[in-house]
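To keep things clear, I will list the structure first and then write my remarks on it.
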Amino acid sequence: MEQTATTSEDAVDQEVHPHHHPAQDALDLISHLIGAMELTPLVAVHCMDHARNVQFWNDSCRLLYGIDGDGALGKPLNGLYTFEDQAARDAILEQVWQTGQPSPAADWRVRTADGRDLWVYSMLFPVVRGGVVRQVFCMDVDVTARKQLERQLNLAAQVFEYSRDAIVLMDRQRRIIAANHAYAQVTGRTEQQMLGHDFISVQSGFEDTELCHRMWREVDDDGYWQGEIASRRAGGDPFPGWLALTAIRDAQGNITNYMGILSDISDRKKAEERTRHLAEHDYLTDLPNRVLLQDRLSQALAAARRHQAMLAILYIDLDHFKQVNDTLGHPVGDALLKEVAARLVRCVRGADTVSRYGGDEFLVLLADIGGSGQAAHVAGSILQALAQPCVVEGHTLPLSASIGISIFPGDGGSIDELIARADVAMYHAKQNRRNSFQFFNPHMHAQASERAGLEQRLRAALAAGEFTLHYQPEIDVRTGQPVAMEALLRWCDPQRGVQAPQHFLPVAEAAGLMPAISQWVLREACGAAQRWRAAGQDLVVAVNVSPAQFAQLPHAVAEALAATGLPPDGLELELTEDLLMKCHDAPALLQALHAQGVRLAIDDFGTGYSQLGLLKTYPVGKLKIDRSFTGAHDGAAIAATVAMARSLHMQVTAEGVETAAQLDLLRSHGCDYYQGLLAERQVEGGELVQLLR
Numbered sequence: 001m002e003q004t005a006t007t008s009e010d011a012v013d014q015e016v017h018p019h020h021h022p023a024q025d026a027l028d029l030i031s032h033l034i035g036a037m038e039l040t041p042l043v044a045v046h047c048m049d050h051a052r053n054v055q056f057w058n059d060s061c062r063l064l065y066g067i068d069g070d071g072a073l074g075k076p077l078n079g080l081y082t083f084e085d086q087a088a089r090d091a092i093l094e095q096v097w098q099t100g101q102p103s104p105a106a107d108w109r110v111r112t113a114d115g116r117d118l119w120v121y122s123m124l125f126p127v128v129r130g131g132v133v134r135q136v137f138c139m140d141v142d143v144t145a146r147k148q149l150e151r152q153l154n155l156a157a158q159v160f161e162y163s164r165d166a167i168v169l170m171d172r173q174r175r176i177i178a179a180n181h182a183y184a185q186v187t188g189r190t191e192q193q194m195l196g197h198d199f200i201s202v203q204s205g206f207e208d209t210e211l212c213h214r215m216w217r218e219v220d221d222d223g224y225w226q227g228e229i230a231s232r233r234a235g236g237d238p239f240p241g242w243l244a245l246t247a248i249r250d251a252q253g254n255i256t257n258y259m260g261i262l263s264d265i266s267d268r269k270k271a272e273e274r275t276r277h278l279a280e281h282d283y284l285t286d287l288p289n290r291v292l293l294q295d296r297l298s299q300a301l302a303a304a305r306r307h308q309a310m311l312a313i314l315y316i317d318l319d320h321f322k323q324v325n326d327t328l329g330h331p332v333g334d335a336l337l338k339e340v341a342a343r344l345v346r347c348v349r350g351a352d353t354v355s356r357y358g359g360d361e362f363l364v365l366l367a368d369i370g371g372s373g374q375a376a377h378v379a380g381s382i383l384q385a386l387a388q389p390c391v392v393e394g395h396t397l398p399l400s401a402s403i404g405i406s407i408f409p410g411d412g413g414s415i416d417e418l419i420a421r422a423d424v425a426m427y428h429a430k431q432n433r434r435n436s437f438q439f440f441n442p443h444m445h446a447q448a449s450e451r452a453g454l455e456q457r458l459r460a461a462l463a464a465g466e467f468t469l470h471y472q473p474e475i476d477v478r479t480g481q482p483v484a485m486e487a488l489l490r491w492c493d494p495q496r497g498v499q500a501p502q503h504f505l506p507v508a509e510a511a512g513l514m515p516a517i518s519q520w521v522l523r524e525a526c527g528a529a530q531r532w533r534a535a536g537q538d539l540v541v542a543v544n545v546s547p548a549q550f551a552q553l554p555h556a557v558a559e560a561l562a563a564t565g566l567p568p569d570g571l572e573l574e575l576t577e578d579l580l581m582k583c584h585d586a587p588a589l590l591q592a593l594h595a596q597g598v599r600l601a602i603d604d605f606g607t608g609y610s611q612l613g614l615l616k617t618y619p620v621g622k623l624k625i626d627r628s629f630t631g632a633h634d635g636a637a638i639a640a641t642v643a644m645a646r647s648l649h650m651q652v653t654a655e656g657v658e659t660a661a662q663l664d665l666l667r668s669h670g671c672d673y674y675q676g677l678l679a680e681r682q683v684e685g686g687e688l689v690q691l692l693r
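Residue numbers for the sequence shown follow UniProt numbering, beginning at 1 and rising by one.
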């Protein structure tokens, strides 16, 4: 054994008389105790004299503080290790020296000479002889590991208590033994209200007993389960929760406890619902979009098959909606669509579906109807609801729609068939009489196929240059000389020959081809007029304006004039009363065109509802009297029109003049120009120059 002191008994014998006396046996006992201390493996024992110098240092001190006996004996204790709170330690030591009483045992943090931090459980024992404290023994036990464990346990307890996750601990019988603050907040219960109670009874969210049994079975078998539960707070308020359960096992693998982490996922569920709603609803009207409509159609169709019931699809297209967007702008158009959506919803049952199917198209699903009469009744209600004008941003807008209806099972057995046939019926309603509804019938299918083929051929015709212009002269009543040529569109169809506009323009308009066709007409007519001028014929070319191009007309005119070199006054634009009355931006557009220097005329005058006050504001230079007045020899109407035109500083052209008597009537009332069979036969532009020469 290493000698930790010169002789271990010297720590006592130095203060004992060397001769034997009655207390010798007690001293021998102390000597044996000191010898035992040297071998004590768990307790570091050392002693000091009044000068704080080490007199005894056992082997456990060497192991604990890293200093052997030779390095410790006779050295000041505070040179071997120091206390974190040295002043408090010194005060207690001084008290032991003064009172001769041992110190209370306590934990102390020390730092060794080699820089290690330790925790020791320490007590001070005085050695008193003759009523005087001669020495103080110190007994230290290394409790560093215990303090670290305590710190970890304390940290774990703080994490448990202050975690934002709602955590609950259960015993083997699934009774709650601890719940943190977050869990109490989520459930609305205090920890005292939960301790000792069964977890399921406290949770109050497991009406589904099958789910409960499956959950515990998976936890016991796999050690873990997580999933969504319908939970309730203490007051009974339901909330969606996400529960994660873990089984805690001992070293032998036996389950000793359970831990649950509960999250209130109300916000997440709301966010998911908002996301799902946005994905399934139209952003503008908040109606179901095509995605949700498809799902509801599938469900309704399956139910109709099971119960041998009927359902109807109403395909609704607003009449003239594009003009609203083009003339008043998209904000007004959007507001109008919102109002239409609200009116449609009020016309159907809660079990029915109103969907925005496209720009100005809506689709209504009527599930489980009693017959086609019920569908007709709903369609009539919709037309009546939409017939009321809509006031948007100070504009009073007339409303109407065309509706096509298909019925299951008679009109088709699939969603695609039913929608397609309702679309066909809607097209017929729009073509035959707007603001009406039509049921699908098989004859429409053939007509729809023909229309689809015609649309394809029109697209090809535009690309292949199959369109041409014929020209109808406008003759001066006084001189009999042509002053202008009105461009009339024709289609040289390779299959059917030359086609007049009434045979293909409605299809072209429905197919969205009119802007491209109108631009071609404008440029081609301007080019022809410029060629006439080059040939010495100073004739104005007149072009009919399509509603589809009106909103962009100033730009289109500028482009055509620039491309052909035609002076602006060589072009006359003819606009109908109906177009001007329906377009709220008409005054501004007309002013823009007038500023460009082109001529403006109102076509088919007398068939619309022009107001004199509005006509006075238009920079229009000519009125063209509709052929219905000239054909009826209506002298009074002609005289009134000419008088009004003169008061507005406008010229007058009469259309549809076929006889000399009609021409005489026009001349007698001061009409300026005329058109019709009596004027000149219609000729192609290439022949016109030869004719006029």
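Heads up, the beta-carbon is just placed ideally off N, CA and C, and yes, glycines get one too.
Item                                                                                                           : Value
Validate contact between the stretch 423-431 and the stretch 330-349 using beta carbons, cut 8 Å, 3 pairs      : no
Alpha-carbon spacing of Cys671 relative to Val477, whole angstroms                                             : 7 Å
Outcome for Tyr674 when other beta-carbon atoms lying within 10 angstroms are tallied against a minimum of 16  : buried
Separation of Lys269 from Gly236, as counted between CA atoms                                                  : 19 Å
Beta-carbon spacing of Val540, Leu579 below 8 Å                                                                : no
Counterpart residues of Ile261 in DSSP-defined beta bridges                                                    : Ile167 and Ala244
Euclidean distance between Cα positions of Glu658 and Phe605                                                   : 18 Å
Nearest-angstrom Cα separation, counted from Leu590 out to Glu486                                              : 20 Å
Inter-residue Cα distance where the pair is Ser406 and Ile313                                                  : 5 Å
Within 8 Å, strictly: CB atoms of Glu574 and Lys616                                                            : no
Three-state class that DSSP yields for Arg627 in the structure shown                                           : helix
Of the listed residues Glu94, Ala508, Asp264 and Val543, nearest to Gln456 (C-alpha basis)                     : Ala508
Rounded separation between Val219 and Cys212 - CA only                                                         : 11 Å
Residue of Val133, Leu566 and Pro619 minimising C-alpha distance to Ala51                                      : Val133
Local Cβ density within 10 Å of Gly69, reported as buried at 16 or more and exposed below that                 : buried
Proximity of Ile419 and Ile316 at Cβ, strictly below 8 Å                                                       : no
Cβ neighbours of Arg681 in the same chain (closer than 7 Å, five flanking residues each side left out)         : With a pLDDT of only 48 at Arg681, under the threshold of 50, the placement of this residue in the model should not be trusted, and no figure is reported.
8 Å contact criterion, which Ile67 and Ala105 should meet: CB distance rounded                                 : With a Cβ gap of about 23 Å, Ile67 and Ala105 do not count as contacting.
Cβ pair Phe437, Trp520 closer than 8 Å                                                                         : no
Gln24 burial status per 10 Å Cβ neighbour count (16 or more: buried)                                           : Its pLDDT being 47, under 50, Gln24 is placed unreliably by the model, and the measurement read from it follows with that caveat. It is exposed - the Cβ of Gln24 has fewer than 16 other Cβ atoms within 10 Å.
Three-state secondary structure assigned by DSSP to Asn325                                                     : helix
Ala26 (DSSP reduced to helix, strand or coil)                                                                  : With a pLDDT of only 44 at Ala26, under the threshold of 50, the placement of this residue in the model should not be trusted; the figure read from the coordinates follows. Correct three-state label for Ala26: helix.
Cβ shell of Gly676 (< 6 Å), same chain only, five flanking positions each side left out                        : Gly656, Val657 and Glu658
Cβ shell of Trp216 (< 7 Å), same chain only, five flanking positions each side left out                        : none
Sequence-distant residues of the same chain with beta carbon closer than 6 Å to Ser355, five excluded per side : Leu287, Pro288, Leu293 and Leu363
Met650, DSSP secondary structure in three states                                                               : coil
Where the alpha helix (DSSP H) through Thr209 begins and ends                                                  : Thr209 to Asp222
Minimum C-alpha distance to Gly394 - residue among Gln173, Glu94 and Pro331                                    : Pro331
Range covered by the beta strand (DSSP E) that runs through Tyr427                                             : Here Tyr427 belongs to no beta strand (DSSP E); instead the alpha helix (DSSP H) covers Ile415 to Asn432.
CA-to-CA distance, His320 to Ala303, given in whole angstroms                                                  : 37 Å
7 Å CB neighbourhood of Ile369 in its chain, flanking five on each side removed                                : Met310, Leu311, Ala312 and Ala375
Three-way DSSP call (helix, strand, coil) for Leu677 in this model                                             : coil
Beta-ladder partner(s) of Glu228, from DSSP                                                                    : Trp242
Where the alpha helix (DSSP H) containing Leu561 begins and where it ends                                      : Leu553 to Thr564
Contact check, Gly188 vs Ala234, beta carbons under 8 Å                                                        : yes
6 Å CB neighbourhood of Ala679 in its chain, flanking five on each side removed                                : Pro473 and Ile475
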